[in-house]
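Worksheet for the structure shown next.
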Amino acid sequence: MATPAPPSDSTLESYQVIQLIAAGSFGKVNLVRNTANNAIYAMKSLNKIKLIMMNQVTNTQNEANLLKQAISPFIVKLYQTLITSTHVHLVFEFVPGGELFYHLRKFGKFTNEVARFYIAELVVALGNCHDKLGCIYRDLKPENVLLDKKGHVKLSDFGFAKQTQNLTFTLLGTPEYLSPEVIKCIGHNKSTDWWSLGILTYELLCGVPPFYDDDAQAVCKKILVGKIAFPKGIEPNAVDFILKLLQQDKDKRLGSNVLTGTKDIKGHPFFTGVNWGYIEKKLVKPPIVPVVKNDQDLEFWADAAEELVDDEVEIQDMKDAGECADIPTTEAGINKLFEGFM
């Protein structure tokens, strides 16, 4: 059963914090209960000043505005945005199965059949981004792929997503998943997401990304060289699929056609036997079904909450930071920057 939407008149006071789920650079995510309908949600609370200092206001606005438009069973549902004097609070459906990264680390690597299931559902998710939302996702990695209580994927974290039909030139993302065109800053489009899907396919099958290195610059150099080594046991269709996605030229990459990209991906022999109608309706049984004891079970999120961050930042901190000299240091000036939230 889907999580019910919270009452439209819900305020921050309508939510009772149950437990911390995760913490990050800009704030934290708490498991919360809406006291009006008794339903469970995940609330991401982001410190306004930290967002300003790290130049993340626009990205956060993009995430909120895009997710409110998204209607897809494979994209996490955003129900509500609440703005206070100090924080932006985003109320999401709670996805109890944790990150795909958690399960990949547990198993080490996946079989061809298991990897194919997750990649197929992600093809549908990315297709929804490209064809329905008109956006480039730009942050595909196992940490941003969540599993619901039945084991189906939910694409999360749309902070880097951008609605555009043109080339865009911003250098952003996680080094291991960056496409050559992003690294070179020569302009990228939706094809960059298919490159990242190739990286993820390799990682699910092999346990590590193909261009992994401890040093980010070394990762980028390896990506631009493009040499890929495949271990034994990877089926030929999987190798071909990965190589066609990891094509250095974005215009020759599988999925690069702006009109038929998603269809071209689905038609690759790697997906032989996949019933796309069943995939889209979530009728294919997932290979991993998280055992969720109740609606507050955080077993699959335990690792995410290990490190807490100090979420309190004062205006004085901004005055003390030289790079923030042009940022408003009054509450009114700060609040004006957040007027673009839907």
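The letter at position 111 of the sequence shown is residue 112 when you use this note's numbering, and the numbering goes up by one with no holes. Beta carbons: idealized from backbone N, C-alpha and C, even for Gly. No experiment lies behind these values; they were computed from the predicted model shown.
Looking at the DSSP output, residue 44 sits in a beta bridge with 31, 92.
DSSP places residue 100 within a strand segment (E or B) once states are collapsed to three. Nearest Cα to residue 45 within the set 223, 77, 37: 77.
Residue 167 sits exposed, since fewer than 16 C-beta atoms from the chains shown fall within 10 Å of its C-beta. For residue 23, the enclosing beta strand (DSSP E) covers residues 16-24. Collapsing the DSSP output to three states places residue 285 in coil. In the structure shown, the three-state DSSP call for residue 4 is coil. Taking C-beta atoms as the reference points, residue 136 and residue 162 count as a pair closer than 8 Å. With 16 or more neighbouring CB atoms inside 10 Å of its own CB, residue 224 falls in the buried class. Between residue 246 and residue 277, the beta carbon gap of about 18 Å keeps them out of contact (Cβ cut-off 8 Å).
Close CB contacts of residue 214 within its chain, under the 6 Å cut and outside five residues either way in sequence, are with 220 (chain order). For residue 152 against residue 290, the beta-carbon gap comes to about 4 Å, under 8 Å, which counts as contact. Straight-line measurement puts the Cα of residue 266 at about 26 Å from the Cα of residue 109.
Closest option to residue 204, judged by alpha-carbon separation, among 159, 192, 120, 130: 120.
Short of 6 Å from the beta carbon of residue 229, and not among the five residues preceding or following it, lie these beta carbons of its own chain, in chain order: 211. For residue 57, no alpha helix (DSSP H) run applies, since DSSP gives it neither H nor E.
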